[in-house]
Structure formats: structure tokens, C-alpha cells
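For reference, the structure is listed below as C-alpha cells.
Numbering (the numbering used here), first residue to last: 1372 to 1603.
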């Protein structure tokens, strides 16, 4: 995937994505963060694809206007860490550190450093929660992976591989624990049948409240951008 920009004020950033399954050009504007993806067949001409997008610039702008405003991680930005707002501060050291409501990150790369901090925190918390729930159910899993997924907060394969969104490190701990309970429950019941939800309830009695939080507040976690916005 590559990025391109359409002229405008501000310019419109577009991610170009080639797909062997695509039969035509298609545009998508994420309702979570307003990011634009232009999907094209493998052999399509990139210049023609961008012309396709330019003809629809008004539609793109209107769709982005309906999406939540994004927030770029930089000095003074406020972002949630485990459900609590912290302020981003810059320092000359190499690694990030959370201390007394401040997330200290290297001045040269604040966004990537904050992302690395959250990924490390997410892996630590999700591994511990997954281990605890798996032990309670008497099951095991093969591996845990972290991704920046927009359509789901976690998944479990039939081979016992657990996948989680590292953005869960920004959510309150009880929410992260619920997602871990949900995915570990799939190690027992792969569907979403009543039997599955009984397993979830045995691990996390307040699962419905936590699921509602993700539906209502979860999109806000996708507002945070860890790559510098154009012009920053």
C-alpha cells in the first residue's frame, strides 16, 4: 500500500491499495477516523485511479466531515492510557515512560514511541488476562498477536491463535479483560451461540456492559493517530 494526496485545503490523504480480487476502482472513507482507502485491481493505473478519486473529492470531503476529528500524538496532546487521560511530553531520552499523568516520549518520534509503549502495555496486559482465563477454563492457546484492526477488537482461530487490537491498552482495564475473556471463550465454543455467551458470563459477569462501552466509546480510540499529520 502507498499513500498519495489530492490537492485541497487541507490536502486529502489517500491510501492506495491493490487487490487481486478487485474488479473495479472503489473508494472507502472510514467512519471511525475518516481515512480514505482507494482500492484498485492489480494492473490498474495509479494515475487513472487518482483521477477517479479527484472526481469524487466533494463526496470524500463530505464523508470525512461526518467522521470524528482525529488527534495526532505530539507534545501537549492528551490520550487515554488504560482509561485515564495522560498528557504527551517530550524528552531527550530514547524510550517512553509513563509517570504522574505524563507520557514522556522521545522528541524525535513522539507518535511511534507512544505507539510502541501502548503495544508493549497491551501485550503484557492481554497475555496476563488470556493466561488467567485459559487456566480457569482448562484450555490452552498457541499464540497471541497484536494488530491495529478497525472492524474487531479481537479474534480466535480454530488453531487457538488469539489476535487483539493493541488499542485496547487505551481502554479501561475492565474492557481489555472482557475482550480477552471473549476470545478465550472461543477456545471452548467457536460460535456465538447461547452456550458461548454462558462461557463468557462465567468469566466476565458484566460482559454486556463492557460490550456496550466498546460500541459507544470504542470508535474514539481510533481517533488517535500516531503518524504525523501532513503539515505538522
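From the three backbone atoms N, C-alpha and C, an ideal C-beta is built for every residue, glycine too.
Which residue marks the beginning of the alpha helix (DSSP H) containing residue i, and which one marks its end?
i	result
residue 1491	1481–1508
residue 1514	Here residue 1514 belongs to no alpha helix (DSSP H); instead the beta strand (DSSP E) covers 1514–1518.
residue 1462	Element bounds for residue 1462: not the alpha helix (DSSP H) but the beta strand (DSSP E), 1455–1462.
residue 1432	1428–1437
residue 1421	1417–1425
Just to confirm before moving on: does the CB-CB distance between residue i and residue j stay below 9 Å?
i	j	result
residue 1501	residue 1515	yes
residue 1504	residue 1552	yes
residue 1396	residue 1423	yes
residue 1585	residue 1524	yes
residue 1489	residue 1533	no
residue 1410	residue 1389	yes
Given a threshold of 16 other Cβ atoms within 10 Å of its Cβ, counted over all protein chains shown, does residue i qualify as buried or as exposed?
i	result
residue 1413	exposed
residue 1580	exposed
residue 1601	With a pLDDT of only 43 at residue 1601, under the threshold of 50, the placement of this residue in the model should not be trusted; the figure read from the coordinates follows. Classification for residue 1601: exposed.
residue 1391	exposed
residue 1416	exposed
Counting only the same chain and skipping the five closest in sequence on each side, list residues whose C-beta sits under 8 Å from that of residue i.
i	result
residue 1485	1444, 1450, 1459, 1467, 1474, 1476, 1597
Could you spell out the range, first to last residue, of the beta strand (DSSP E) harbouring residue i?
i	result
residue 1477	1473–1477
residue 1566	Residue 1566 -> not in any beta strand (DSSP E); alpha helix (DSSP H) instead, spanning 1565–1574.
residue 1384	1383–1390
Keeping to the same chain, check which residues put their C-beta closer than 7 Å to that of residue i; ignore five residues upstream and five downstream.
i	result
residue 1375	1385, 1387, 1421
residue 1510	1558, 1559
Whose CA, out of the options, lies closest to the CA of residue i?
i	options	result
residue 1405	1499, 1437, 1419	1437
residue 1471	1429, 1540, 1538, 1457	1457
residue 1463	1452, 1481, 1448, 1588	1481
residue 1492	1542, 1506, 1521	1542
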